[in-house]
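Residue 451 is where the sequence shown starts when you use this note's numbering, and the numbers rise one by one after that. Report on the following structure.
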Amino acid sequence: MRHGLLPYIVKRLLLMVPTLIGVLTLTFIVVQFVPGGPVEQMVLELKGRGAAGVGAGESTGGGSTYRGRQGIDEKNLAEIKALYGFDKPPVERYFSMLSRFARFDLGQSYYQHQSVWQLVVSKLPVSISIGLWTFFITYLISVPLGISKAVRDGSKFDTITSMLVLVGYAIPGFVMGVLLLVVFGGGSFLQIFPLRGLVSDQWETMSWGAKILDYAWHLVLPITASVLGSFAVITMLTKNSFIEEIRKQYVITARAKGLPEHIVMWRHIFRNAMIPLVTGFPAAFIGAFFAGSLLIETLFSLDGLGLMSFEAVMRRDYPVVFGTLYIFTLIGLFTKLISDIAYVMVDPRIQFEGQGN
451 MRHGLLPYIV KRLLLMVPTL IGVLTLTFIV VQFVPGGPVE QMVLELKGRG AAGVGAGEST
511 GGGSTYRGRQ GIDEKNLAEI KALYGFDKPP VERYFSMLSR FARFDLGQSY YQHQSVWQLV
571 VSKLPVSISI GLWTFFITYL ISVPLGISKA VRDGSKFDTI TSMLVLVGYA IPGFVMGVLL
631 LVVFGGGSFL QIFPLRGLVS DQWETMSWGA KILDYAWHLV LPITASVLGS FAVITMLTKN
691 SFIEEIRKQY VITARAKGLP EHIVMWRHIF RNAMIPLVTG FPAAFIGAFF AGSLLIETLF
751 SLDGLGLMSF EAVMRRDYPV VFGTLYIFTL IGLFTKLISD IAYVMVDPRI QFEGQGN
């Protein structure tokens, strides 16, 4: 174990606690002022108006008080508040939430009658499918392309591919998804790929081979929309990293000694140039699950974590909102820690003692 590794990890783990508390505290405060909380929505449903009629001037958010409750007696209003836990003061609810989260108890959804953990686990397969394929396809294409561009720096190939990847980067994933649906999903042109879901309705009755083909068929459009924006970043990072190594003195020396070009490239340049990419794997791997998942899952009607989080915000399902925020923040913090450790482990020139955060 590298010198200073354990103290560094302990320090970073301790710093995660105030970060988590800060994120949850800020979100909790904001929620108190958001109109249309679950108490208000329930009151409106009882009055026959539906949740869509909630107005900003009718509530103070969070369900603590409600001024548009005409027609609902105090007893029923108290029962509704108790049902959602808003019969307690905000400070008490806040510390109760922190206490539960410290035990990894994320609570129950207001509307889906399941624990937040059960909901997260049930939505994971969709997000994992999108994230894994986005990650692997992006790196399998971008890294070889970036190396080729570095070797041919300044050539026509380099110029053309740079233009293509930058155009793909400039088009938002959501816009690309809409374009793909219009062209290939039965919009104004072709009807080749399905509009929604990861599998067909009759998927359970298919053979294994048919299941794999059906699954891949449903993935084409959402994965294409997800990866196009990622190509430019990884490709240009790979190219610049290799160019930087190619210009270093040790490469010039190796070539002067008469070493074959492929030996110089794969035994010397490749190992050092891949350090930024390898150390970025944890963040990129996790980021592929969540970055852009909301828009892609919403557009293609994929029932994953992104869509669940969006619906929870719209319905004011606060246990799901806080639970997913807690999970995502925790994953992000651990991913950053793993990335920092990986960087220091693969590059012996960097010492843990110099890591301040």
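Note that CB positions come from ideal geometry on N, CA and C, so glycine has one too.
For residue i, the first and last residue of its enclosing alpha helix (DSSP H)
i	result
K661	W658 to I696
K538	No alpha helix (DSSP H) holds K538; DSSP gives it neither H nor E.
M724	First-last for M724: undefined, no H or E at that position.
T609	K606 to A620
G754	Here G754 belongs to no alpha helix (DSSP H), and DSSP marks it neither H nor E.
G472	L455 to V481
T703	Q699 to A706
E529	E524 to Y534
Selected residue, minimal CA-CA separation from residue i, among the options
i	options	result
I777	S789, S759, S598 and I791	S759
V489	Y561, F554, L548 and R550	Y561
L727	L780, D790 and P540	D790
S579	I662, A552, F554 and P769	I662
W583	A552, H668 and P457	H668
E695	R717, I459 and N722	N722
V770	Q568, E529 and E542	Q568
G487	N690, G604, I530 and K698	I530
M686	V701, M613, V625 and R697	M613
C-alpha gap between residue i and residue j, whole angstroms
i	j	result
V484	G623	29 Å
G513	Q482	Below a pLDDT of 50, predicted positions are generally treated as unreliable, and G513, at 47, falls in that range; the measurement from the model is reported next regardless. Distance between the alpha carbons of G513 and Q482: 8 Å.
M656	V649	11 Å
T588	H563	38 Å
L595	V670	21 Å
P710	I591	26 Å
K461	L787	11 Å
T475	G773	13 Å
F585	R602	25 Å
A704	F607	27 Å
L556	T609	51 Å
P575	D753	9 Å
W658	D651	15 Å
L745	E524	41 Å
Q641	A666	16 Å
M724	D767	43 Å
K873	F731	With the chain covering 451 to 807 only, the question about residue 873 has no answer from this structure.
S549	I684	41 Å
M715	T611	21 Å
S680	P468	32 Å
L616	F720	24 Å
D664	Q558	34 Å
G500	V493	With a pLDDT of only 41 at G500, under 50, the local geometry of the prediction cannot be trusted, and the value read off the model is given with reservation. Answer to the nearest angstrom: the Cα atoms are 9 Å apart.
R717	F692	13 Å
V473	W653	41 Å
E747	P672	8 Å
A528	L464	40 Å
V593	A734	13 Å
Anticipated Cβ contact below 8 Å, residue i with residue j, distance rounded
i	j	result
L678	G618	4 Å
M547	L783	Their Cβ separation, rounded to whole angstroms, is 18 Å, which puts M547 and L783 out of contact at 8 Å.
L749	V633	L749 to V633, Cβ: 14 Å. No contact.
S751	R646	3 Å
L630	A682	That belief does not hold up - the Cβ atoms of L630 and A682 are roughly 18 Å apart, past 8 Å.
I736	T785	5 Å
L757	L470	At roughly 24 Å, the Cβ-Cβ gap does not stay under 8 Å, so L757 and L470 are not in contact.
F478	Y534	Actually they are not in contact, since the Cβ atoms of F478 and Y534 sit about 15 Å apart, beyond 8 Å.
Per DSSP, the bridge partner or partners of residue i
i	result
G635	Q641
Q558	S565
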